[in-house]
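K.L.:
Here it is, the structure, as structure tokens.
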Amino acid sequence: MAQRLEFFFDYGSPYSYFADTQLPGLIERTGCEVAYRPMLLGGVFKSVGSHSPAAEPVEAKRRHFAVELRRSVAHYGVPFESPPGWPINTLQIMRTAHAAQREGVFDAFHQAVYAAFWASGKAIGDLRVFASILREAGLPAEALLAASLEPDVKTELRDTTEEAVERGAFGAPTFFLDEEMFFGADRIPYIEKILT
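Sequential numbering from 8 applies to the sequence shown in this note's numbering.
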């Protein structure tokens with residue numbers, strides 16, 4: 008039976024994007040099963056008393072984040088375009104991710120959102136842009152956006168976010184292999200060693 012790796016992420020996190028680009032290879036090499044767990048990173052930050060790296064009050068640390076981001080892009084060798092206005096409020100996007108899971112179209116949704124946001128730098132925080140991206144991917148944009156406003160979908164996102172925090176998450180991406188937590192895209196090699 009394949010081992011289950013839980014991937015708690017937020018589309019607004021560039022390091023969640025980097026991690027996501029590495030998961031197909033990890034699955035191929037190890038045969039693991041990845042459970043995609045959309046959470047609200049802003050909610051995690053609020054719960055643990057943290058903040059986005061873009062809002063880091065220490066100027067030297069904030070500058071270094073930009074350096075590390077460039078290094079990560081080079082290391083992973085993936086398309087990357089910083090989206091306008093980042094960081095953005097991803098509440099609507101993450102709710103829609105849960106709606107897409109319910110509707111059985113999550114794989115297409117997930118690929119479309121990451122490709123648009125981090126690979127192409129599109130302003131997906133703009134609802135019109137977001138809807139257009141979904142339509143271009145052949146997804147029922149209006150139905151998904153309507154479903155994202157349903158109380159049970161809102162509850163799902165809140166519950167997933169609270170679960171992540173209760174299990175020790177303080178940022179994204181956060182992985183759980185059984186109950187062992189791994190934080191960051193750069194921990195995937197550690198996970199792979201355990202899986203093989």
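Note that beta-carbon positions come from the ideal geometry of N, C-alpha and C, so glycine has one too. Nothing here was measured: the structure is a model prediction, and the numbers come from that model.
Could you check whether Leu-33 and Ile-206 sit closer than 9 angstroms to each other, using their CB atoms as the reference points?
P.N.:
Since the first and last residues shown for the chain are 8 and 203, residue 206 lies out of range.
K.L.:
Give the straight-line distance between the Cα atoms of Ile-100 and Ala-138, rounded to the nearest whole angstrom.
P.N.:
Each residue's Cα considered, the two are about 10 angstroms apart.
K.L.:
Short of 8 angstroms in beta carbon distance, which residues of its chain neighbour Thr-37, apart from the five on each side in sequence? Order them along the chain.
P.N.:
Counting only Cβ-Cβ distances below 8 angstroms, and skipping sequence neighbours, we find Gln-10, Glu-199, Leu-202 and Thr-203.
K.L.:
Is Gly-49 close to chain D, meaning its C-beta is less than 9 angstroms from at least one C-beta of that chain?
P.N.:
Protein chains in the displayed structure number just one, and chain D is not present.
K.L.:
For the alpha helix (DSSP H) containing Ala-144, name the first residue and the last one.
P.N.:
Note, Ala-144: premise wrong, no alpha helix (DSSP H); not H, not E.
K.L.:
Using C-beta distances below 8 angstroms, list every residue in its chain close to Ile-131, excluding the 5 sequence neighbours before and after it, in chain order.
P.N.:
Tyr-18, Pro-90, Ile-95, Ile-100, Val-120, Ala-123, Phe-124, Phe-137 and Ile-140.
K.L.:
Using a Cβ-Cβ cut-off of 8 angstroms (strictly less than) and excluding sequence neighbours within five positions of Leu-151, which residues of its own chain qualify?
P.N.:
Cβ within range, chain order: Thr-103, Ala-106, Ala-107, Glu-110, Val-112, Phe-116 and Leu-141.
K.L.:
Considering just the uninterrupted stretch of the beta strand (DSSP E) at Leu-12, what are its terminal residues?
P.N.:
That run of the beta strand (DSSP E) goes 11–16.
K.L.:
Going straight from the alpha carbon of Val-51 to that of Ala-67, what length do you get?
P.N.:
One C-alpha to the other measures close to 24 angstroms.
K.L.:
Exposed or buried, which one is Gly-178 when buried takes at least 16 other CB atoms within 10 Å?
P.N.:
Buried.
K.L.:
Determine the closest residue to Phe-16 out of Glu-186, Ala-176, Met-8 and Ser-79, with distance taken between C-alpha atoms.
P.N.:
The shortest C-alpha separation from Phe-16 is found at Ala-176.
K.L.:
How long is the line joining the alpha carbons of Ala-42 and Met-188, rounded to whole angstroms?
P.N.:
Rounded to whole angstroms, Ala-42 to Met-188 spans 14 angstroms at the Cα level.
K.L.:
With 16 other CB atoms within 10 Å as the buried threshold, where does Glu-163 fall?
P.N.:
With 16 or more Cβ atoms within 10 Å of its Cβ, Glu-163 is classed as buried.
K.L.:
For the candidate residues Ala-171, Ala-126, Ser-59 and Glu-63, whose alpha-carbon lies nearest to that of Tyr-83?
P.N.:
The residue with the shortest Cα to Cα distance from Tyr-83 is Ala-126.
K.L.:
Report the partner residues of Leu-184 according to the DSSP bridge assignment.
P.N.:
Answer by DSSP bridge pairing, in chain order: Leu-12 and Glu-187.
K.L.:
Which class does Glu-157 belong to by DSSP, given the choice of helix, strand or coil?
P.N.:
Reduced to three states, the DSSP call for Glu-157 is coil.
K.L.:
Going straight from the alpha carbon of Tyr-24 to that of Leu-156, what length do you get?
P.N.:
C-alpha separation (whole angstroms): 25 angstroms.
K.L.:
Let me check understanding here. Comparing Cα to Cα, which of Lys-161, Pro-64, Ala-148 and Ser-79 lies closest to Thr-28?
P.N.:
For Thr-28, the nearest C-alpha among the options comes from Ser-79.
K.L.:
Just grab the DSSP bridge partners of Glu-40 for me.
P.N.:
In the DSSP output, where bridge partners are listed per residue, Glu-40 has Arg-11.
K.L.:
Using only alpha-carbon positions, find the residue among Glu-173, Asp-159, Val-172 and Asp-114 that is nearest to Ala-144.
P.N.:
The shortest Cα separation from Ala-144 among Glu-173, Asp-159, Val-172 and Asp-114 belongs to Asp-114.
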